[in-house]
Amino acid sequence: MEATHQPLLRLRDLSTDIALRRGTVHALDQVNLQVDQGETLGIVGESGSGKTMTVLSIMGLLPHGGSVVGGEILFDGRDLRGLEAQELRRVRGVEMGMVFQDPLTSLNPTMRIGAQVAEPLRVHQGIGKAEARDRAVEILRRVGMPRPDKIVDDYPHQLSGGMRQRVVIAMALIRSPRLLIADEPTTALDVTTQRQILELIDDLREEFKMAVILVTHDLGVIAGRADRVAVMYAGRVVETGTTAELFRSPRHRYTEALMRALPESAAADADGQGRLYSIPGLPPDLSRPLTGCRFAPRCRFATDECRTTDVALTPDGAGSGHEFACLHPVTEPVAITASSAAPRAASGAAEPLLTVRDLVKEYDAGGAGVRKVSGRVSAVAGVSFDVAPGETLGIVGESGCGKSTVGRLVAGLEPSTSGQIIVDGTDVATLGRAARHRMHRQVQLMFQDSYAAMNPRMRIDSILTEPLEIQRVGDAAARRARVSELLDQVGLPRRALERYPHEFSGGQLQRIGLARSLALRPRLIVADEPVSALDVSVQAQVLNLMRDLQRGLGLSYVFISHDLSVVDYMADRIGVMYLGKLVEAGPAHQVVRAPRHPYTQALLDAVPSPHPGHASNAGTAIRGELPSAVNPPTGCRFRTRCPLAQDICATEPPLEGGTHQVACHFPLRQEPPES
Amino acid sequence: MTATPHEEEAPVRGMWRQGFEVFCENRLALVGVGIFVLLTAFSFLGPVFYRTDQVHTDLTQVFLTPGTGGHPFGTDGVGYDQFGRLMLGGQTSIVVGLAAGLLATVVGTIWGAIAGFAGGWLDAVMMRVVDAMMSIPALFLFMLMASIVTPTVPMLIVIIGAFAWLGPARLVRGEALTLRTREYVMAMRGMGGTGGRAVRRHIIPNAIGTVIVNATFQVADAILYVAYLSFLGLGVPPPAANWGGMLSDGLSDTFSGHWWLLYPPGIAIILIVLAFNFIGDGLRDVFEVRLRRR
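Those protein sequences? They're chains A and B, same order as listed.
Just so you know, we're using the UniProt record's numbering here: the first sequence kicks off at 1 and counts up by one.
Just so you know, we're using the UniProt record's numbering here: the second sequence kicks off at 1 and counts up by one.
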């Protein structure tokens, strides 16, 4: 780039340490980055890569024990580290704004929205209450808040997640900052809301001519929104370049591996059993001295040179500003092949293992004692589906659609309000106590957060033996043998048995969770968001393992997730849920590539695609908020947000069709003829 | 496959071992243990080496200043050796404190666990009992009971325990309420486990940390209650002694300049209460750090 040009923010050799009770973590090691006025820089990396530490260092919000130990943070040409405290406060408070991940915890629950949004003005500019309120209303209108003059007097808990994130953005914008830092701004939100928020940030960037730093773990979010991307790994920037360039031809082996690990890039081989590329091992421990390329221990192409020499960021020679720190860069093109998973062997004729008919679950609406609120929350409203032996049924939907409730009902954790759950030809409701107890051997549950689902005071051997003890399977010796066998199946060493859950990483815990679900040799596993807490590379390991075990043991899965690409990869058939109802069900490749319900289409369009320039279809974006499940809309529950809704939608459409069913009066396409 | 090198090196350490290490890192907790051990040894082993007559009064030897007549801490208003009396008083204070604290913790834990785990009307009834008892001022209750029954050591334990279990009951009930909704309890039910197993294997082991920490504070409180009661003249009658009662006696002589009757029991009470609070803090660290993810 031209030498005269001065970026708005430039990090030069920024190093940050965090002192812990034992030792020091070198969270950032000589990070170099820059952001220009009006530009969006995406920082992408897995957890622990230092992406959040980078922005916290800029904002001076490092956690306890953290401090910047070297380098410069040049904002508008001035090094923030050399500024006086008061000026520093002004620069950070007025010229920078920050949006955090969780909109609920970044708002004070006891302050009204208006007071909260205008707080920076009152602090930094000392303006009066009335004027502050007016400014708050104005900025809330700018971030697309409906009825801002009413909302200023509300409290955070009265707003939905997406609305709260708009408030946080309004708060960051009210001083018209020149730099907006968004740290995983949409990770806690549903895809359709995520899309709205990302579009909003884009619009505001143009309107305010701000620079934006967008920190995320999601390559899809970066691909669609950022001008330039920096990929971080283990406290260093390993590759940086324009978004188009970086996604078209990633050069660093880590970037390449990240892209290959995406479920979207599952290579579809002949039998449709494509495996995800997974990065072996774990990121390095940053509290130890590291030499050489930090990715070398997990890299397929690493040589001795990689392990011993420090590799600096070097330009790729094309003069486009694409830099990477790799001795054996990628030269062959990497394409994120949109997977076209061929339809897998249809098991069709077999007797279904699980049959669910008209399943209904209602809860009493909140409120206790005297002020009991009348009304019932309709969590699941008449859901029916089958799962064949050896098949994976994916259930997708946004939060609050009832997908997890379906999982808990099938696993027998809660009684249903009405409807039938038939496992292997036996209606669960007709069983006596003892038979129902034994039924748990057939159906097991796998949790999203295996750490939360394991008693922290039990060792792994007790955790894995517990299901066997409860079901009185075998004697002590037989149980020990079974537990060892389980560990082998999920690829963990025997030493794991003597350890406690907190000693394992997220991916390892998920393996242990899977091992526990398998202990009783169930025929069906209900997996509730089993990989959504994991990083992409680890997610690939767990998904591969689940598929291998399915093939080896003939398991069936009910795979519940909000992530369409993961479900598309895992499932044979997909059911899409909206507000307690199944709106569409059919073979995975058909539902994902030729959706029939407008909601499915909107959901698919909202998923950020890791293809830069992949234009999303603006026409299908759904607006507004999920209606309350206490008094759900009559008829088609999606009609309040549907672009195609007409009067007839007030009557309930049945779930119709052959193999690809849809519950819609105006399906987007006809079912393809049976072949 | 490249396994993670740092995990292979980490030795497998048991929970108790790790907990012990964390406890030892808290210097104040070690000081607390030290004070407790010293005071206990002083009270129970002291009389073996330093024999005094703490039964018969000797009116010829009253209010001797420390150091005179072979009395290192002097004598009190009826001629008891103050040093020996501190040992005797310590026995009562420590025994009553430990026993009452233990009683309160056990009763409160069981009560609270049942209420919190059962929920519904049973929980409502049990906790209203606790609320009702809490609304009676403790001191009033003590005075009433102490004036009805003759205060002996076992009686003191029961009286103090009868009031002090309310705190742990509320604490454990709250703990049980959150623990029973944990995902690992849900996971266990998914395997077909029963409520009994949930309480035994999951609820109690996870609530035990809070209970133990609270127990140390209960002991400290109980020692203070003994002191209050004795101070009000409702303690164990002479010739038995305890630190609170000695303090009370000493107070009536403040203006006579008999400081040796006032400071030693007062300082002893402060030390032992402090010691238990330090130990409690140390245990709290133990139970928090153990659960920390690496």
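For glycine and all other residues, C-beta sits at the position ideal for the given N, C-alpha and C.
All figures in this text were calculated on a predicted structure; none of them were measured in a lab.
R593 of chain A and H660 of chain A closer than 9 Å at C-beta:
no
In the DSSP assignment, find the unbroken beta strand (DSSP E) run with T16 of chain A in it and report its ends.
L9 to A19
Considering Cα atoms alone, identify which of A:Q194, A:L41 and A:P63 is closest to L179 of chain A.
A:L41
Just to confirm before moving on: does the CB-CB distance between R641 of chain A and C649 of chain A stay below 9 Å?
no
Between which residues of its own chain and L33 of chain A is the CB-CB distance below 6 Å, once the five residues before and five after are set aside?
L11 and A230
Taking C-beta pairs closer than 8 Å, name the residues in chain A that E183 of chain B reaches, listed in chain order.
F447, D449, A452 and A453
Does any residue of chain B bring its CB to less than 9 Å from the CB of A411 of chain A?
yes
At a CB-CB cut-off below 7 Å, which residues of chain A make contact with H202 of chain B?
N455
Are the beta-carbon atoms of residue 677 of chain A and P633 of chain A separated by less than 9 Å?
Coverage of chain A is limited to positions 1 through 675, which leaves residue 677 of chain A absent and any answer about it impossible.
Is E288 of chain B close to chain A? Criterion is C-beta to C-beta, closer than 9 Å.
no
Can you tell me which of the three DSSP states A182 of chain A falls into?
strand
State the DSSP-derived secondary structure class of S176 of chain A, mapped to helix, strand or coil.
coil
Does the Cβ-Cβ distance between A416 of chain A and V380 of chain A come in under 9 Å?
The residue asked about is misnamed: residue 416 of chain A is Ser in this sequence, not Ala. Against a cut-off of 9 Å, the Cβ pair of V380 of chain A and S416 of chain A comes out as a contact.
If you drop the 5 nearest sequence neighbours on each side, which residues of the same chain put their C-beta closer than 6 Å to that of E95 of chain A?
P177 and R178
Expressed to the nearest angstrom, what Euclidean distance is found between the alpha-carbon atoms of R27 of chain B and Y263 of chain B?
26 Å
Quick test of your reading: residue 676 of chain A and E245 of chain A, contact by CB under 8 Å. State the CB separation rounded to the nearest angstrom.
Coverage of chain A is limited to positions 1 through 675, which leaves residue 676 of chain A absent and any answer about it impossible.
Apply the 10 Å Cβ neighbour rule to S57 of chain A and answer buried if 16 or more other Cβ atoms are within range, or exposed otherwise.
buried
Three-state class that DSSP yields for G369 of chain A in the structure shown:
Note on G369 of chain A: pLDDT 47, under 50, position unreliable in the model; the coordinate value appears next. Helix at G369 of chain A.
Could you tell me which chain A residues have their CB closer than 8 Å to the CB of R189 of chain B, listed as they occur along the chain?
L413
Is F20 of chain B helix, strand or coil when you go by DSSP?
helix
Does chain A have any CB closer than 9 Å to the CB of P137 of chain B?
no
Please specify which runs of the beta strand (DSSP E), each continuous and at least 3 residues long, are wholly inside the segment 84-134 of chain B, giving them in chain order.
none
Range covered by the beta strand (DSSP E) that runs through D528 of chain A:
L524 to D528
By Cβ distance, which residues of its chain are closer than 6 Å to A169 of chain B, with the 5 residues on each side in sequence left out?
G108, W111, G112 and V130
From which residue to which residue does the alpha helix (DSSP H) around F504 of chain A run?
Run containing F504 of chain A: none; DSSP gives neither H nor E here.
Starting from Q471 of chain A, find everything on chain B with Cβ-Cβ shorter than 8 Å and list it in chain order.
M191 and G192
Check whether A220 of chain B and F276 of chain B have beta carbons under 9 Å apart:
yes
Suppose you measure from the CA of I181 of chain A to the CA of D647 of chain A; what does that come to, to the nearest Å?
44 Å
Looking at the structure shown, is residue 678 of chain A part of a helix, part of a strand, or coil, going by DSSP?
Chain A is shown from 1 up to 675; residue 678 of chain A falls before or after that span and cannot be answered.
Over the uninterrupted beta strand (DSSP E) stretch that includes A585 of chain A, give me the two end residues.
K581 to P587
Excluding the 5 residues flanking E288 of chain B on each side, which residues of the same chain have their C-beta closer than 6 Å to its C-beta?
none
Go ahead and label N631 of chain A buried or exposed: buried means 16 or more other beta carbons lie within 10 angstroms of its beta carbon, across all protein chains shown.
exposed
Using 10 angstroms around the beta-carbon of H665 of chain A, count the other beta-carbons present and answer buried if the total reaches 16, otherwise exposed.
buried
Is there at least one Cβ from chain A nearer than 9 Å to M133 of chain B's Cβ?
no
I'd like to confirm the pairing. Which residues does DSSP put opposite F255 of chain B in its beta bridges?
Beta-bridge pairing links F255 of chain B to no other residue.
Using CA coordinates, which residue listed in A:M98, A:R288 and A:I151 is at the minimum distance from D29 of chain A?
A:R288
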